[in-house]
């Protein structure tokens, strides 16, 4: 009786459950389709979310493999972001054709099948390669298939398929070589001269280019002093003639020379200021002495007058 009353007062009393079917024996059968509907909906939502994340990661610039230099974002160039790649070819002109590797890799993402993978054309920024330098890059260094890291410095005017870059190659497990500095240090290239208008414009507008040129100029001085590559002297007379300028340059740039010059300037300034201070002190002492002399004379004159007056008064009283 109590069970009947409870069933009558239940909120679902009088309603039938579509997922449950009453059997003649009094049991209930649950429809398996309705049973797994919620699980299927949740799985579909999770699957769509994962697919969206995968598509985003594959299309993101940090996970993207650049096939052309025009695909490199301007933000990467402005922020001087370091990119990675592998040299696939070195052209006779000294340009490097590099296969780009994404900045970040995710192991579980499937790789895209691309038979004709595009290569990035990189030119060493801030250098003017000689023929020996082109041969040095193309043959002597054996850069093919070696990993490199590069920073895009600027675009190349008139060559939309090429960019100027600061390139560093991994020679050994623990050794790396900056190609821009190396070719200049060995005398295989020169730094553009200040008479070039484009060079000056980039120095003023591109900070990364200005910093790179500062490093290259130091390497160029080393090559000039050593007389290697484009700085090689043809005869021993030219070498001997260049020694005085080299020695004078070394002496001028030495720390001890700078210290001696600084000490000389400080001593000279101290002596000059000391002489001026002595002269001013002497003039002040003379002025004070003159005032004291005048004051003493006035004091003496006053004493004499008082003495005369006192004598006159005394004489009058004595009479």
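Numbering (this note's numbering), first residue to last: 75 to 393. For every residue, glycine included, the Cβ atom is placed at its ideal position computed from N, Cα and C.
The three-state secondary structure of residue 281, taken from DSSP, is helix. Boundaries for residue 224: no alpha helix (DSSP H) harbours it, while the beta strand (DSSP E) harbouring it runs 221-229, taken from the DSSP string. With fewer than 16 neighbouring CB atoms inside 10 Å of its own CB, residue 365 falls in the exposed class.
For the options 257, 336, 339 and 385, the alpha carbon positioned closest to that of residue 197 is the one of 257. The three-state reading of DSSP puts residue 387 in helix, counting H, G and I together. Non-local beta-carbon contacts of residue 194 in its own chain, meaning distances under 6 Å to residues more than five positions away in sequence, involve 143, 172 and 174 in chain order.
Along the length of the region 129-177, whole alpha helix (DSSP H) runs at least 4 residues long occupy 148-152, reported in chain order. Residue pairing by DSSP places residue 263 opposite 203 in a beta bridge. Per the coordinates, the alpha-carbon of residue 375 lies some 11 Å from the alpha-carbon of residue 368. Between the region 298-307 and the region 220-231, the count of Cβ pairs shorter than 8 Å is below three; the stretches do not touch. Close CB contacts of residue 211 within its chain, under the 6 Å cut and outside five residues either way in sequence, are with 164 and 168 (chain order). Between the beta-carbon of residue 201 and that of residue 290 there is about 7 Å, and that keeps the pair under the 8 Å contact cut. Setting aside the 5 residues that flank it on each side, residue 199 is surrounded in the same chain by 227, 228, 238, 239, 240, 254, 283 and 286, each with a C-beta closer than 8 Å to its C-beta; the list follows chain order.
Assignment of residue 238 by DSSP, reduced to helix, strand and coil, places it in the strand class. Taking 9 Å as the cut-off, the Cβ atoms of residue 157 and residue 140 count as close.
The beta-bridge partner set that DSSP reports for residue 250 consists of 244.
The three-state reading of DSSP puts residue 194 in strand, counting E and B together. Scanning the region 342-375 for uninterrupted alpha helix (DSSP H) segments of 4 residues or longer gives nothing; none is fully contained.
By the neighbour-count definition (other C-beta atoms within 10 Å, threshold 16), residue 208 is a buried residue. Residue 274 and residue 268 do touch by the CB rule: their CB atoms are close to 6 Å apart, below 8 Å. The alpha carbon of residue 246 has as its nearest neighbour, out of 217, 330, 205 and 265, the alpha carbon of 217.
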